[in-house]
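In mature numbering (1 follows the signal peptide of the UniProt record, and there is no 0), the protein residues as written are -22 to -1, 1 to 275.
In this text, a Cβ means the ideal position worked out from N, Cα and C, and glycines have one as well.
Here's the structure we're looking at; comments come further down.
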């Protein structure tokens, strides 16, 4: 279903339900929250505990999030949300359109990760891999919850402190990896892991190729050839790929890497089922460190 048609259906639904206001803690014991991406939803649950009712829109780690199409079901969730959290930086532009279509439905607070971190359209939108992002989002969400539900502020404050403390092992892991692997040349099929790679201090190669893949344009023959040469000549020590977007070109590069004995590790754009955000980050960092275990300066 095309987004324009979906928005038409949504507008009709809103016209029929124009008296419905967004839920607030005064109307509902739990705060209704919509997160565009499930990793933000997970963090919100950690912060809100049993005081929040969270709906995550993008939650399937086996699906390419770039192929997502909004539906009337998505709009219905937004209609009743007191708080909406999404990524921004053109990662989830459908959310702007849905919010625009539903702007008349009572009080609603919107938190955009890109705005909190100073990112804009054209920047790498995979902000959840940038270590400063989640603390900023968590603080903003916790401040909202404490304001909207002041009777339970002490609980929100305690859960925020616990969440920030739980990120310290991730930060420590990044610091250790940076001390070992700063300057190591690596490559990737897309810039999904780009901010984390920068935090570790890798020399990231083939960035024009990655930008083309992210923007769903064809990389130039020269950029493809340079990427393959890096793999065949083992000029890079690991290939990072997005397991949610493995088209023919990505599969070809994985084959080249395998033949050249360059290790490959997968990353995802969606939080896997059964993991917290912190566990997800640690698992991927562990896989990356394992792939580089034999590397020496």
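Minimum C-alpha distance to residue i - residue among the options
{"i": "residue 172", "options": "73, 27, 247, 29", "result": "247"}
{"i": "residue 254", "options": "106, 69, 73, 42", "result": "106"}
{"i": "residue 139", "options": "152, 267, 128, 114", "result": "114"}
{"i": "residue 299", "options": "195, 23, 27", "result": "Outside the shown range of the chain, which is -22 to 275, sits residue 299, and nothing can be said about it."}
{"i": "residue 242", "options": "185, 257, 164, 189", "result": "164"}
{"i": "residue 205", "options": "143, 36, 228", "result": "228"}
{"i": "residue 236", "options": "25, 216, 180, 21", "result": "216"}
{"i": "residue 110", "options": "100, 94, 119", "result": "94"}
{"i": "residue 191", "options": "222, 57, 79, 120", "result": "222"}
{"i": "residue 168", "options": "13, 271, 196", "result": "196"}
{"i": "residue 121", "options": "135, 112, 160, 174", "result": "135"}
{"i": "residue 64", "options": "28, 49, 118", "result": "118"}
{"i": "residue 261", "options": "15, 210, 148", "result": "148"}
Paired residues, beta bridge with residue i - DSSP
{"i": "residue 181", "result": "163"}
{"i": "residue 219", "result": "244"}
{"i": "residue 87", "result": "61"}
{"i": "residue 99", "result": "101"}
{"i": "residue 15", "result": "36"}
{"i": "residue 154", "result": "In DSSP, residue 154 forms no bridge with anything."}
{"i": "residue 31", "result": "10"}
Per-residue DSSP class, three states only, for residue i
{"i": "residue 142", "result": "helix"}
{"i": "residue 135", "result": "helix"}
{"i": "residue 203", "result": "helix"}
{"i": "residue 238", "result": "coil"}
{"i": "residue 10", "result": "strand"}
{"i": "residue 70", "result": "coil"}
{"i": "residue 251", "result": "coil"}
{"i": "residue 196", "result": "coil"}
{"i": "residue 271", "result": "coil"}
{"i": "residue 261", "result": "helix"}
{"i": "residue 225", "result": "coil"}
{"i": "residue 187", "result": "helix"}
{"i": "residue 214", "result": "coil"}
Cβ-based burial, residue i [other Cβ within 10 Å; buried from 16]
{"i": "residue 44", "result": "exposed"}
{"i": "residue 6", "result": "Summary for residue 6: the model assigns pLDDT 48, below 50, so the residue's position carries little reliability; its value from the coordinates is reported in the next sentence. Per the 10 Å Cβ criterion, exposed."}
{"i": "residue 91", "result": "buried"}
{"i": "residue 212", "result": "exposed"}
{"i": "residue 97", "result": "buried"}
{"i": "residue 80", "result": "buried"}
{"i": "residue 26", "result": "buried"}
{"i": "residue 70", "result": "buried"}
Item to complete: Could you pull out every unbroken alpha helix (DSSP H) segment of at least 4 residues lying fully inside the stretch 101 to 131, listed in chain order?
Response: 111 to 126
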